[in-house]
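Chain order of the listed sequences is F and V.
The numbering of the first sequence is the UniProt record's numbering, which starts it at 1 and goes up by one.
The numbering of the second sequence is the UniProt record's numbering, which starts it at 1 and goes up by one.
C-beta: ideal position from N, C-alpha, C; glycine also.
Number of protein chains: 2
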Amino acid sequence: MRLTVLGCYAATPRTLTNPTAQILEINNHIVLIDCGEGTQVELRRHKVKFSRINHIFISHLHGDHFFGLPGFISTMRLLGREKALHIHGPKGIKEAIILLLKLGDSWTNYPLLFHELSSKESELIFEDNKITVTTIPLDHRIYTNGYLFREKVGKRKLNIEAAEDYGIDKAYFNNIKNGKSITLDNGEVISNSKLTFDPPKPKSYAFCSDTVFDETLASRIKDVDVLYHESTFLESEADLATKTKHSTAQQAAKIAKEANVKTLVLGHYSTRYKSIALFKEEAALIFPNVLLADDGKTFDF
Amino acid sequence: MRLTVLGCYAATPRTLTNPTAQILEINNHIVLIDCGEGTQVELRRHKVKFSRINHIFISHLHGDHFFGLPGFISTMRLLGREKALHIHGPKGIKEAIILLLKLGDSWTNYPLLFHELSSKESELIFEDNKITVTTIPLDHRIYTNGYLFREKVGKRKLNIEAAEDYGIDKAYFNNIKNGKSITLDNGEVISNSKLTFDPPKPKSYAFCSDTVFDETLASRIKDVDVLYHESTFLESEADLATKTKHSTAQQAAKIAKEANVKTLVLGHYSTRYKSIALFKEEAALIFPNVLLADDGKTFDF
Numbered sequence: 001m002r003l004t005v006l007g008c009y010a011a012t013p014r015t016l017t018n019p020t021a022q023i024l025e026i027n028n029h030i031v032l033i034d035c036g037e038g039t040q041v042e043l044r045r046h047k048v049k050f051s052r053i054n055h056i057f058i059s060h061l062h063g064d065h066f067f068g069l070p071g072f073i074s075t076m077r078l079l080g081r082e083k084a085l086h087i088h089g090p091k092g093i094k095e096a097i098i099l100l101l102k103l104g105d106s107w108t109n110y111p112l113l114f115h116e117l118s119s120k121e122s123e124l125i126f127e128d129n130k131i132t133v134t135t136i137p138l139d140h141r142i143y144t145n146g147y148l149f150r151e152k153v154g155k156r157k158l159n160i161e162a163a164e165d166y167g168i169d170k171a172y173f174n175n176i177k178n179g180k181s182i183t184l185d186n187g188e189v190i191s192n193s194k195l196t197f198d199p200p201k202p203k204s205y206a207f208c209s210d211t212v213f214d215e216t217l218a219s220r221i222k223d224v225d226v227l228y229h230e231s232t233f234l235e236s237e238a239d240l241a242t243k244t245k246h247s248t249a250q251q252a253a254k255i256a257k258e259a260n261v262k263t264l265v266l267g268h269y270s271t272r273y274k275s276i277a278l279f280k281e282e283a284a285l286i287f288p289n290v291l292l293a294d295d296g297k298t299f300d301f
Numbered sequence: 001m002r003l004t005v006l007g008c009y010a011a012t013p014r015t016l017t018n019p020t021a022q023i024l025e026i027n028n029h030i031v032l033i034d035c036g037e038g039t040q041v042e043l044r045r046h047k048v049k050f051s052r053i054n055h056i057f058i059s060h061l062h063g064d065h066f067f068g069l070p071g072f073i074s075t076m077r078l079l080g081r082e083k084a085l086h087i088h089g090p091k092g093i094k095e096a097i098i099l100l101l102k103l104g105d106s107w108t109n110y111p112l113l114f115h116e117l118s119s120k121e122s123e124l125i126f127e128d129n130k131i132t133v134t135t136i137p138l139d140h141r142i143y144t145n146g147y148l149f150r151e152k153v154g155k156r157k158l159n160i161e162a163a164e165d166y167g168i169d170k171a172y173f174n175n176i177k178n179g180k181s182i183t184l185d186n187g188e189v190i191s192n193s194k195l196t197f198d199p200p201k202p203k204s205y206a207f208c209s210d211t212v213f214d215e216t217l218a219s220r221i222k223d224v225d226v227l228y229h230e231s232t233f234l235e236s237e238a239d240l241a242t243k244t245k246h247s248t249a250q251q252a253a254k255i256a257k258e259a260n261v262k263t264l265v266l267g268h269y270s271t272r273y274k275s276i277a278l279f280k281e282e283a284a285l286i287f288p289n290v291l292l293a294d295d296g297k298t299f300d301f
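Have a look at this one:
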């Protein structure tokens, strides 16, 4: 599982920092999470092939999380995309995009499929044989969802050495991979677990931005491997965080601890701070395994 | 008169090139012409004070000319703008911006005033004591206007030396600046032209992008000082230019010649070409005084 942070600063694009956008590679899917202005340029900079992105998940309709989407959609048309593109986001996103395409008489040549969200309960919104995606309702100034991405348990891996020791013919290997046990010529049954290795433990990633500090969040992201939790402010601006429905680094750490996640990634920093190192220091007092997102940074989990 | 090119490439933002946006400084006005994605970052890069921009002129509603506008408007709110901001552009622009602000519940704290255009005839759309702005209807795939900016003739400048030679008291200097002649104590009338210098010749700038080659354009921009004319293609792609309602460098030069402009500035280059130098070579065969726009370039006229 690999996370590439295209942008992780709050509010406005600046010369050296970008608003929110992330690429998550998970079990052979490549999804785009949020799409602030300039995202398509950051994708080019990081050599992400636009055509590999089939699903985009938008948390909420503040500009710093979706003003790059109309341009991204238009560019895919100019690049000759033919595959469908799925847009998951709050109700209203379809009306906005359709209006912009209509005004420019720039309809896409590829199917543009909207999956609009309006529920305040967590929903399973995508599932295939590799991953599931569920919403994480968040409490922000406008309707907002985080997203929880979970790998499905993969197939068990064939232990070739063990199979050969039992003298099992290659013709049976596919059966073994599919979980079957094998009966030898002498009648002995070799259980599948003796012929296979456990599959890799499925990974999970929770994206939670933007949100006020909300302790009930922890129960919804229990034991995830990686939590990206916004930390717009430091604790010295806790009042401002509450007022604007954002969180502090310390609050993000409390959620991470309570949810028993493995790794906390902080981001969505207010640009008022000269250095982001303080965010890590503050969070680490409460939750030790904390990483700082930064524009252009890639994390392998 | 100073032109700063923030972006002048066609179609999509890329790592090293930006879509259309320009800052024109003319007679103490600073206006923004078009606003492709990323414009606000380019403004920061060139240290243009956002607050000095009171008028934005949008040529048409293709994304590469206006997808940066919603973010620019939002950022002005975050920066605490209070002054009114005037948006001039095709009908529909208001609906689009208002919808985006509504979805984000991000109404501006400053007055946002839309001046929507739908006429196919040239119109005077702005006038004060310094400049006039008229539309230049263009023929593109969707409703499009160029804009013609003209300085007004300034006041004559006081010739202090001449006034002192005639023994005229300082108390009369304002009258002289305002065009009055002076009667000396001996009854001699000194005409204003003897006491003043001619004001600087007013300058003019015509922005014409995007447009197909249209010879009737020349009559509408006759004798302007500076013509920015799109040249998406070279003559080798003339068919493609006609089909997509764009122009070639040679066609832009023909318009410049026919209109008798002083200087032609080329831009809106397709990104298919490795170097933009060929655009200048091609145009210069027909019209010698040609300049190449490029991102970040500033021209003083």
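Find out if the Cβ-Cβ distance for the pair residue i, residue j is shorter than 8 Å.
i       : j       : result
V265(V) : L291(V) : yes
T17(V)  : Q40(V)  : no
S236(F) : H268(F) : no
E258(F) : A218(F) : yes
V5(V)   : G296(V) : yes
T134(V) : S122(V) : yes
F213(V) : A249(V) : no
H115(F) : H86(F)  : yes
H88(F)  : I142(F) : no
A283(F) : A241(F) : no
R14(V)  : R14(F)  : no
Taking 7 Å as the limit between beta carbons, can you name the residues of its chain near residue i, skipping five residues before and five after?
i       : result
N129(V) : K152
G92(V)  : L61
P70(F)  : I97, L100
L24(F)  : L3, V31, I33, F149, Y205
A238(F) : T248
Y172(V) : I182
Hey, does residue i have any beta-carbon neighbour from chain V nearer than 8 Å?
i       : result
I142(F) : yes
Q40(F)  : yes
R44(F)  : yes
R81(F)  : no
D105(F) : yes
T12(F)  : yes
P70(F)  : yes
T15(F)  : yes
With DSSP as the reference, label residue i as helix, strand or coil.
i              : result
T115(V)        : Strictly speaking, residue 115(V) in this sequence is His, with Thr absent from that position. Residue state, collapsed to three classes: strand.
H55(F)         : strand
A21(V)         : strand
N192(V)        : helix
R150(V)        : strand
P200(V)        : coil
I168(F)        : coil
D34(V)         : strand
residue 365(V) : Here chain V has residues from 1 to 301 only, and residue 365(V) is not among them.
K11(F)         : Going by the sequence as given, residue 11(F) is Ala instead of Lys. A11(F) falls in the coil class under three-state DSSP.
F301(V)        : coil
K94(F)         : helix
V41(V)         : helix
Out of the options, state which residue places its alpha-carbon closest to the alpha-carbon of residue i.
i       : options                           : result
K49(V)  : L69(V), R81(V), H65(V), D34(V)    : R81(V)
T211(F) : I255(F), L285(F), A171(F)         : I255(F)
I221(V) : F301(V), C208(V), F126(V)         : C208(V)
R272(V) : L78(F), T135(F), N27(F), K120(F)  : L78(F)
L117(F) : S106(F), T132(F), P137(F)         : P137(F)
E37(V)  : Y147(F), R52(F), F72(F), A241(F)  : F72(F)
T244(V) : A11(F), K47(F), E42(F), S106(F)   : S106(F)
I286(V) : S193(V), T263(V), I276(V), T12(V) : T263(V)
A163(F) : A283(F), D225(F), S181(F)         : S181(F)
D198(F) : G179(F), K47(F), N174(F), Y228(F) : G179(F)
V224(V) : K170(V), S193(V), Y147(V), G63(V) : Y147(V)
E281(F) : D300(F), F233(F), T298(F)         : F233(F)
Just to confirm my understanding: we take residue i, look at its own chain, exclude 5 residues before and 5 after, and list those with CB closer than 6 Å. What are they?
i      : result
F66(V) : C35, I58
A84(V) : P111, L113
N27(V) : K130, I131, E151
To which residues of the same chain is residue i closer than 8 Å at the C-beta, ignoring the five residues directly before and after it?
i       : result
K177(F) : K155, R156, K157, L158, T196
R52(F)  : I30
When you compare the CB of residue i with every CB in chain F, is at least one pair closer than 8 Å?
i      : result
T75(V) : yes
H62(V) : yes
L99(V) : yes
E95(V) : yes
Mind checking whether the beta-carbon of residue i lies closer than 7 Å to any heavy atom of the ligand ATP?
i     : result
L3(F) : Inclusion of the ligand ATP in the displayed structure is not the case, the ligand content being empty and no account of it being possible.
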